Amino acid sequence: MNSNSGPKINRRDLLKGIGKGSALVTIVAAAPGVAQAATENKVRFGMVIDVRRCSGCQACTIACKSEFDVPIGASRSWVEHHEAGVFPNTEKRMLPRLCNHCSEPPCVDICPEEGATYKRDDGIVVVDETKCIGCAKCVEACPYDARFMNPFKGDPALTKGNGAADKCDFCLHRISQGVAPSCVNTCPGRARIFGDLNDPSSEVAKLVAEFDATVLRRKDKTKPSVFYIGADWIESKNDRKAKQFSRVDTHRNERSTHRFA
Ligand code: SF4
């Protein structure tokens, strides 16, 4: 693990709900997915990504790879570059990516092994590599290409040499100590903000409430806990078609293709 501890972030945002969610809030925002979770009256960790503040420097990508010794060709968190337009009227947009910690995660539903992957009470979707049998069904089921098989993880006797499923866990080892996830800590533009979506006083809840935050692949109804500000274009097929958007994947293997919205 990377020893970079970074600045302590608001422990109120973080420690209230590690493990079992403590009683918190009543209502948050008129944002899809958030208000519904708020009625459950417990912590729901999430991230807001303000793409207007992302320069595409990939500092978050590198920090994450370093934090978890992620193998070459795979990433738990990464940044896509999207290009649009016709020369000379072109533009470039960034789209930081990670596991969306869906409230209704298809990866968990499809896993045949009890406890190998599950959603915690605080909303974080995790993998238990000691139980993973390496079938890779969750990798296929995730509509966000957030998972990959890590050949350096898992019990070889269980996984038959396939390795274990791997993905972002919001830096559970860090946030349990009240420290921000590595990508959040590293981002020089503060494009990534982490906290409790169900706490109306948290920065993430305020941002989701204030801005017209959106989620990726809304139509899949997975209810992501990762919200985007300034990324309305990801859902506008007309916009994408008219402007001829194309995606440049970065730091990902061949399988991580083209399903972002
Ligand atoms: Fe599972 Fe993919 Fe949703 Fe993450 S983004 S919770 S891996 S379905």
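In our numbering, the protein residues as written are 2 to 262. Glycine included, C-beta positions come from ideal geometry on N, C-alpha and C. Predicted model, so just to flag it, every value in this text is computed and none were measured.
Buried versus exposed, by CB contacts within 10 Å (16 or more), residue i
i      : result
THR160 : buried
SER202 : exposed
SER177 : exposed
ARG175 : buried
PRO225 : buried
GLU81  : buried
LEU25  : Note on LEU25: pLDDT 29, under 50, position unreliable in the model; the coordinate value appears next. By the 10 Å Cβ count, LEU25 comes out buried.
ALA30  : Since pLDDT at ALA30 reaches only 31, below the 50 mark, its modelled position is unreliable, and no value is offered.
THR62  : buried
ALA158 : exposed
ILE194 : buried
For residue i: DSSP bridge partner residues
i      : result
VAL227 : MET48
ASN90  : VAL87
ILE194 : VAL49
PRO97  : VAL80
VAL205 : According to DSSP, VAL205 bridges with nothing at all.
ASP167 : PHE149
THR118 : VAL128
Top-ranked residue by Cα proximity to residue i, from the options
i      : options                        : result
ASP167 : PRO182, GLU204, VAL126, ALA158 : VAL126
GLU115 : HIS102, ASP129, ASP123         : ASP129
LYS154 : PRO144, GLY135, GLU141         : GLY135
ASP70  : CYS172, PRO225, ILE235         : CYS172
GLU236 : ASP221, LEU217, LYS207         : LEU217
Proximity test, Cβ basis, 8 Å: residue i and chain C
i      : result
PRO201 : Annotation note: the requested chain C is absent from the structure, which comprises a single protein chain.
Proximity test, residue i beta-carbon vs the ligand ADP heavy atom, cut-off 7 Å
i     : result
PRO89 : Here the bound small molecules are the ligand SF4; the ligand ADP is not part of this structure.
Specify whether the stretch 130-148 and the stretch 48-56 touch according to this definition: at least 3 beta carbon pairs, one from each stretch, less than 8 Å apart. They do not touch, by the three-pair rule.
Under 6 Å from any heavy atom of the ligand SF4, by CB: list those residues in chain order, please. This criterion selects CYS100, ASN101, HIS102, CYS103, PRO106, PRO107, CYS108, VAL126, CYS143, TYR145, ALA147, ARG148, LYS168, THR223.
Quick one: any contact between the stretch 76-91 and the stretch 101-121, if contact means 3 or more CB pairs under 8 Å? Because the criterion of three Cβ pairs below 8 Å is not met, the stretch 76-91 and the stretch 101-121 do not touch.
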